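Visitor: According to my numbering, the residues represented by the sequence shown are 12 to 254, in order. If you scroll down you'll find the structure; I have some questions about it.
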Amino acid sequence: SFVLSLADFDAELMMEEESLVWTSKDVVIVLEHNNKMIPLSYVSETTRQFAYPSLAQRHILAGLASAVGGLSAPYERASRIHERPIVNWLWSAGCHPFGPFSNSSQISQILQDVALRTTIYARVDAALRKIRDTSESVQSFASDHLKTPLGEPVKGNKNKSSTELWVEKFYKKVTTMPEPFPHGLVERLEEYLDRLEEQLVDLSSLLYDHRLVDASQNSSDILQSTIFTEQYVNFISMSPVPN
């Protein structure tokens, strides 16, 4: 987060869309200078709205809530048809730091819950992506080393090409392929995946009961478990396989 405190600049200096804050995925920039108020083009009933560039706290909070908490302004909604945010100013007032019609430096409990829930969803999404990638790695390794072209378990020497495997299957009528992973490794991987499944079931129950604090801890544990599982699978799949 960057706060640009400026002197000797245009008294009505602002950013785009008459705002004092700009955010991106990982950057928050807030403009601050000594001018007391700047008239805006926004009007509430018959009263013109003003921006207060010397009071940066509200804009800092709005930027952090957007970039870190994943919150959007209550009066904005995404529109795939328009490919841009759609604004409804009827939702612009309230206990939040967004937009020209708010003068609050606080975030309501509802928006705090939304930010926490968004964090939970982001963790679970990352975990599910890792689970999918890990499953693909296991399937790829099994296809290359542990099964015949028809998907049968392998025995014997595994360092053979696919052509040699086909010849053995249909011409020699034999299949001499390597043994699969030791049972202990397979059981450990199954244990990891079973534990992740149980945690995901528990998480869905916590979200249904709106126990967001417990769900947040659960989602953090799930993400850590998937990271450990991914590292374990990568270590096993890259280890030399005995002949």
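Each residue gets a CB set at the ideal place from its N, CA and C atoms; glycine is no exception. Source: prediction; values computed, not measured.
Provide the residue span of the alpha helix (DSSP H) that contains L234, from first to last.
Guide: For the purposes of this step, residue 234 is taken as residue 223 along the sequence shown, with counting starting at 1. L223 to M249 is the extent of the alpha helix (DSSP H) around L234.
Visitor: S16 and R69: beta carbons closer than 7 Å?
Guide: For this step, residue 16 is matched to residue 5 along the sequence shown. For this step, residue 69 is matched to residue 58 along the sequence shown. Not in contact: S16 and R69 (Cβ atoms no closer than 7 Å).
Visitor: Report yes if the C-beta distance between T34 and G74 is below 7 Å; otherwise report no.
Guide: Taking the first residue of the sequence shown as 1, we reach residue 34 at position 23. Taking the first residue of the sequence shown as 1, we reach residue 74 at position 63. In this structure, G74 lies closer than 7 Å to T34 by Cβ.
Visitor: Within 10 Å of its beta-carbon, does K141 have 16 or more other beta-carbons around it, so buried, or fewer, so exposed?
Guide: Walking along the sequence shown from the start, residue 141 turns up at place 130. Flag for K141 reads buried.
Visitor: Our contact map puts S148 next to V212 with C-beta atoms below 8 Å; I'd like the distance itself, whole angstroms only.
Guide: For the purposes of this step, residue 148 is taken as residue 137 along the sequence shown, with counting starting at 1. For the purposes of this step, residue 212 is taken as residue 201 along the sequence shown, with counting starting at 1. At roughly 24 Å, the Cβ-Cβ gap does not stay under 8 Å, so S148 and V212 are not in contact.
Visitor: Is the separation between the beta-carbon of V257 and that of V14 shorter than 7 Å?
Guide: No answer is possible for residue 257: the residues shown for the chain start at 12 and end at 254.
Visitor: In whole angstroms, what is the alpha-carbon distance linking N46 and L223?
Guide: In the sequence shown, counting from the first residue as 1, residue 46 sits at position 35. In the sequence shown, counting from the first residue as 1, residue 223 sits at position 212. CA-to-CA, the gap between N46 and L223 works out to about 42 Å.
Visitor: Rounded C-beta distance between I97 and S103? I'm assuming under 8 Å.
Guide: In the sequence shown, counting from the first residue as 1, residue 97 sits at position 86. In the sequence shown, counting from the first residue as 1, residue 103 sits at position 92. Contact flag wrong, Cβ pair sits at about 13 Å.
Visitor: Output yes or no for whether 7 Å exceeds the beta carbon distance between F61 and H44.
Guide: Numbered from its first residue, the sequence shown carries residue 61 at position 50. Numbered from its first residue, the sequence shown carries residue 44 at position 33. The answer is no: Cβ separation not under 7 Å.
Visitor: The beta strand (DSSP E) that contains H44, what's its start and end?
Guide: Looking up residue 44 in the sequence shown gives position 33. Here the beta strand (DSSP E) through H44 covers V39 to H44.
Visitor: Following the continuous beta strand (DSSP E) through I97, name the residue where it begins and the one where it ends.
Guide: Position 86 of the sequence shown holds residue 97. R95 to V98 is the span of the beta strand (DSSP E), which, as asked, contains I97.
Visitor: Return the chain-ordered list of same chain residues with a C-beta closer than 6 Å to the C-beta of S236, the five sequence neighbours on each side being excluded.
Guide: Indexing the sequence shown from 1 puts residue 236 at position 225. Once the five neighbours on either side are set aside, the close Cβ partners of S236 are L207.
Visitor: What are the uninterrupted segments assigned as beta strand (DSSP E) that are 3 or more residues long and contained completely in the stretch 49 to 119, given in chain order?
Guide: 49 to 55, 58 to 62, 87 to 90 and 95 to 98
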